[in-house]
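Asks: Quick one: the structure is below, questions incoming.
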Amino acid sequence: DEMPTTKRTLKIKQESSEDTQRRDVMQNIMQILESVQLKWELFQSWTDFSRLHLSNKLAIFGIGYNTRWKEDIRYHYAEISSQVPLGKRLREYFNSEKPEGRVIMTRVQKMNWKNVYYKFLEITISEARCLELHMEIDWIPIAHSKPTGGNVVQYLLPGGIPKSPGLYAIGYEECHEKPPSPLTEHRPADPSTETSGELEVPSPRASLRLDVESARIIYCYLGIAEVRTLQQCLFLHFQAN
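Heads up: the sequence shown begins at 185 in my numbering, then just goes up one per residue.
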């Protein structure tokens, strides 16, 4: 008997969704690394990671490679090393006895990778936690109203805000009231740019440009609730003065 198609399809969709989420997170990390224009470092020996400034630091890091046909360095992986020191994480990626390193070794041998590189941006524990918040938590909309003839906006906080310490961010949504230009709206497609069913993967720089142009929510405050709870801090931010 064959497995019902519905179960098989559900499993494929679930795995695809998880893969997409991982790719999105990695793409965001790559954009951060690209935005600060860090230089790629060629991996040469294990002494690279035994240096003092790498051993106990937290960082955002990327692993890159080039091939015998293309000198341009492309990303293989990017990560926020917020729990494990950077030096230890990099050793895992360059050690063929570790799962991460085994993948790289296989690709060097079988996919004609020429050189392997790394780059990193040192961060503090607080910055690491803030980045984790940014990567993993969705924005929660806040209902608001403005009385007729009044200038004060009243905000209604949702229920379920934790009465505990933690990190929180406040952002706002931009209103784009400019109508689309008729020239861009009715511009005919250029036949030379059409592809025959191939999907091109955007580079980190291209993705960064697209994300900035289409961004809707902008950070205006990032805070840590220590003395007060998250609920108290957010209430103080949104209560009418």
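Note that the Cβ used here is the ideal one computed from N, Cα and C, for glycine as well. Remember, predicted model here, so these are calculated numbers, not experimental data.
Apply the 10 Å Cβ neighbour rule to Val337 and answer buried if 16 or more other Cβ atoms are within range, or exposed otherwise.
Replies: On the sequence shown, position 153 is the one that residue 337 refers to. Exposed is the call here.
Asks: What is the residue span of the beta strand (DSSP E) that Val300 lies within?
Replies: In the sequence shown, residue 300 corresponds to position 116, counting from 1. Its beta strand (DSSP E) spans residues 297-307.
Asks: If you draw a straight line from the C-alpha of Ala353 to the C-alpha of Cys404, how long is it?
Replies: Counting from 1 along the sequence shown, the entry for residue 353 is found at position 169. Counting from 1 along the sequence shown, the entry for residue 404 is found at position 220. The straight-line gap from Cα to Cα measures roughly 8 Å.
Asks: Can you tell me where the beta strand (DSSP E) with Leu351 in it begins and where it stops?
Replies: As a first step, residue 351 must be located in the sequence shown, where it is residue number 167. Per DSSP, Leu351 belongs to the beta strand (DSSP E) from 350-357.
Asks: According to DSSP, His328 sits in a beta bridge with which residue or residues?
Replies: Here residue 328 is taken as the residue at index 144 of the sequence shown, counted from 1. Partner(s): Tyr339.
Asks: Which residue wins for smallest C-alpha separation from Ile324, given the options Ile247, Lys254, Glu316, Ile345?
Replies: As a working note, residue 324 is residue 140 in the sequence shown. Minimum Cα distance to Ile324 is reached at Ile345.
Asks: Of the residues Glu225, Ser280, Ser265, which one's Cα is nearest the Cα of Ile257?
Replies: What you label residue 257 is simply residue 73 of the sequence shown in a count that begins at 1. Answer by Cα proximity: Glu225.
Asks: Helix, strand or coil for Leu226, going by three-state DSSP, please let me know.
Replies: By 1-based counting over the sequence shown, the position of residue 226 is 42. In the structure shown, Leu226 sits in a strand (DSSP, three-state: E or B).
Asks: Under a Cβ-count criterion, where at least 16 other Cβ atoms within 10 Å of its own Cβ denotes burial, should Ser310 be classed as buried or exposed?
Replies: One-based indexing of the sequence shown puts residue 310 at position 126. Exposed is the call here.
Asks: Could you tell me the boundaries of the alpha helix (DSSP H) in which Thr290 lies?
Replies: Position 106 of the sequence shown, counting from 1, holds the residue named residue 290. Residues 283-294.
Asks: For Leu315, I'd like the list of residues in its chain whose CB is within less than 6 Å of its CB, leaving aside the five on either flank, ordered along the chain.
Replies: The count along the sequence shown starts at 1 and reaches residue 315 at position 131. Only Ile264 meet the Cβ criterion.
Asks: Which residue wins for smallest C-alpha separation from Lys254, given the options Arg273, Lys241, Thr290, Met295?
Replies: Along the sequence shown, one-based indexing puts residue 254 at 70. For the residues Arg273, Lys241, Thr290, Met295, the minimum Cα distance to Lys254 belongs to Met295.
Asks: Could you give the first and the last residue of the continuous alpha helix (DSSP H) run that contains Phe422?
Replies: Your numbering for residue 422 matches position 238 in the sequence shown. Run containing Phe422: 414-422, per the alpha helix (DSSP H) assignment.
Asks: Classify Leu418: buried if its beta carbon has 16 or more other beta carbons within 10 angstroms, exposed otherwise.
Replies: Translated into the one-based positions of the sequence shown, residue 418 becomes position 234. Leu418 comes out buried.
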